[in-house]
Amino acid sequence: MRIKADINSNAIYTRSHSANDANRKSVPPALWLRLALCLVTMALSGTLLYVVSNQLVSQIYYTKAKSALKGNNHWIAVRYLKAAIRYQPNDFMFWRKLAEVYNTVGEHEGSIRRAFMYADRARKSYLESNRLNPLDASTVIGLAISEARLHQLYP
9 MRIKADINSN AIYTRSHSAN DANRKSVPPA LWLRLALCLV TMALSGTLLY
59 VVSNQLVSQI YYTKAKSALK GNNHWIAVRY LKAAIRYQPN DFMFWRKLAE
109 VYNTVGEHEG SIRRAFMYAD RARKSYLESN RLNPLDASTV IGLAISEARL
159 HQLYP
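Everything in the sequence shown is counted per my numbering, starting at 9 for the first residue and increasing by one.
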C-alpha cells in the first residue's frame, strides 16, 4: 500500500498496488522448518555452552586455590574455593578441599573460639561433600577427624 500526500489540499490519498501483491510469493514450508531447526540448535548450543563455561570457570578457580595452597595462602585458597563452589555447587571435591583448608586454618589458630569456628566450618563442608558423594572415603575420614577436633576443642 502506498501513501501519497497532496500539498495543496493537505489530504492523504492512498492507492493499492494489487499487481505487486500478486507477485509476492509465500515462504516455502521447508524454509520455515530450516529456520525452526536453526533456532532449536542455537538454543541447545547456548545451554551447553552455559554448562561447559560454568565447569571451566570453576576448574580455573579450583586450580588457583591449589596454587594458593602451595604458597601457604590459605585465605586466598578459601576465597577461590568458595568461588569454584558458586559456579559448580554439586562437585564434592571442591567441598572436601574447602573443609581441608578450614581444618588447616583452624589447627594454626591461637584462639580456641576461632579454632572451634573453623573446625565447625570444616565439619559442615565435609557433610556437604559426603551428601554429594557418600562413597568417598577421604570425606568420611576427614569428617571423623573434624568431629574429633570439635570434641577436643569443646568437650
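For each residue, glycine too, the CB sits at the ideal point set by N, CA and C.
Legend entry - Length of the line joining the Cα atoms of W40 and S53: When rounded, the distance between both Cα atoms is 20 Å.
Inset, instruction - Just the C-alpha distance for E136 and V48, rounded to the nearest angstrom, thanks. - result: E136 and V48 have their C-alpha atoms spaced approximately 36 Å apart.
Legend entry - First through last residue of the alpha helix (DSSP H) which encompasses H159: From DSSP, the alpha helix (DSSP H) with H159 extends over A145 to L161.
Inset, instruction - Leaving aside the five residues before and after M125 along the sequence, list all residues of the same chain whose C-beta is less than 8 Å from its C-beta, in chain order. - result: Taking C-beta separations shorter than 8 Å and ignoring five residues to either side along the sequence, the partners of M125 in its chain run G114, following chain order.
Inset, instruction - Have a look at K78 and L45 and give me their C-alpha separation to the nearest angstrom. - result: Spanning the two alpha carbons is a distance of roughly 49 Å.
Legend entry - Span of the alpha helix (DSSP H) around S133: Its alpha helix (DSSP H) spans residues I120 to L140.
Inset, instruction - Mind listing, in chain order, the continuous alpha helix (DSSP H) runs of no fewer than 4 residues lying wholly within the segment 37–112? - result: Positions of the alpha helix (DSSP H) runs, each at least 4 residues long and wholly inside the segment 37–112, are given as 37–78 and 82–95 in order along the chain.
Inset, instruction - Compare the beta carbon distance of Y88 and K72 with 7 Å and say whether it is the shorter of the two. - result: Yes, these two residues count as a Cβ contact at 7 Å.
Inset, instruction - Within the same chain, show all residues whose beta-carbon is closer than 7 Å to that of L161, passing over the 5 residues directly before and after it, in chain order. - result: Cβ neighbours of L161 beyond the five flanking positions: I120, A123, F124 and A127.
Inset, instruction - Please classify I149: is it buried, with 16 or more other beta-carbons within 10 angstroms of its beta-carbon, or exposed? - result: Exposed is the call here.
Legend entry - Same chain, Cβ closer than 6 Å to A130, neighbours up to 5 away in sequence not counted: So the qualifying residues of the chain are A107, Y110, N111 and S154.
Legend entry - Cβ neighbour criterion (16 or more within 10 Å) applied to T55: By the 10 Å Cβ count, T55 comes out exposed.
Inset, instruction - Kindly indicate which three-state DSSP category E115 falls into: helix, strand or coil? - result: Residue state, collapsed to three classes: helix.
Inset, instruction - Go through its chain and collect everything with a Cβ distance to R157's Cβ below 6 Å, but skip five positions before and after it. - result: Here the set comprises A127.
Legend entry - Nonlocal neighbours in the same chain, by C-beta distance under 7 Å from V65, ignoring five residues either side: Result list for V65: Y95, in chain order.
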